[in-house]
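Heads up: the sequence lines are chains W and S, in that order.
Throughout, my numbering is defined as the position within the first sequence, counted from one, plus 611.
Mapping to my numbering: the second sequence position 53 is 40, numbers consecutive.
Notes to accompany the following structure.
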Amino acid sequence: DQQVKQNSPSLSVQEGRISILNCDYTNSMFDYFLWYKKYPAEGPTFLISISSIKDKNEDGRFTVFLNKSAKHLSLHIVPSQPGDSAVYFCAASRTGFQKLVFGTGTRLLVSP
Amino acid sequence: KAGVTQTPRYLIKTRGQQVTLSCSPISGHRSVSWYQQTPGQGLQFLFEYFSETQRNKGNFPGRFSGRQFSNSRSEMNVSTLELGDSALYLCASSLRTGVGTGELFFGEGSRLTVL
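Next up, the structure:
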């Protein structure tokens, strides 16, 4: 049972445009959500997170939106840069638990 | 500050063998988690150790085990290897555990190929 889903395996965007990566979850007990970025041959690196008490969190070019009623979150990257090309994983957790439940990832390609 | 270090980076084993992977967390980090990454399943949680105690365990068979030492270094072991165990095994460390921040620092992984 995939509790965290990223339905788009890949996304192509032009440099300077907005990239929107989507993620859906099924477990209403999740109350903390994260995005990780992964380059080939490297481990995932933390990008941005959001608590369920918020609906938006910004960090520079990256903004995460959370819609609890729809059990949906999205990551917006504006403007997109070629260096953003990587696989992006959405993850969810519950307070009190260190376990992260990851989606299967979306490969983002930003072309010049 | 050194990051999470995993050894070996690459290894090839045959079915039925066993393997031990090692992880050195970031200095001062006491929680170590292990994840398995495969193309079809993404990253799946194996287990988490904090202060030498296993706190959480994922849905993996008993062939997968781990431990943590007093210096927070951790090892995971897979016995009686199967072809499906071929994967990238990622170790992640964090300062604390169970606080729900989820901010883990990952190593580069150990890529295991089972022939």
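Beta carbons: idealized from backbone N, C-alpha and C, even for Gly.
| Check | Outcome |
| --- | --- |
| Closest Cα partner of W:S623 within the set W:D695, W:K710, W:G707, W:D642 | W:D695 |
| Chain W contact residues for S:F93, given Cβ-Cβ distances below 9 Å | Y647, K649, E653, G654, P655, T656, F657 |
| Reduced DSSP secondary structure (H/G/I, E/B, other) of S:L102 | coil |
| Residues that DSSP places opposite S:E35 in a beta bridge | S:S20, S:N43 |
| 8 Å Cβ cut-off: residues of chain W touching S:R42 | Q709 |
| Contact with chain S by W:G714, beta-carbon distance below 8 Å | yes |
| Closer than 8 Å at the beta carbon, the chain W residues around S:L82 | What S:L82 touches in chain W: nothing, since even the nearest Cβ is about 11 Å away. |
| Burial state of W:K710, where buried means 16 or more other Cβ atoms lie within 10 Å | buried |
| Beta-carbon spacing of S:S9, S:Q28 below 8 Å | no |
| Buried or exposed by the 16-neighbour rule on C-beta atoms within 10 Å, applied to S:G96 | buried |
| Per DSSP, the bridge partner or partners of W:S630 | W:I688 |
| Chain-ordered neighbours of S:S18 on chain W, where CB pairs are closer than 9 Å | Q709 |
| Cα-Cα separation between W:D635 and S:P26, rounded to whole angstroms | 19 Å |
| Same chain, Cβ closer than 7 Å to S:H16, five either side skipped, listed in chain order | S59, S80, S81, L82 |
| 7 Å Cβ cut-off: residues of chain W touching S:L77 | G654 |
| Three-pair Cβ contact test at 8 Å for the segment -7 to 7 of chain S versus the segment 659 to 674 of chain W | no |
| Where the segment 659 to 685 of chain W meets chain S: residues whose CB sits under 7 Å from a CB there | S660 |
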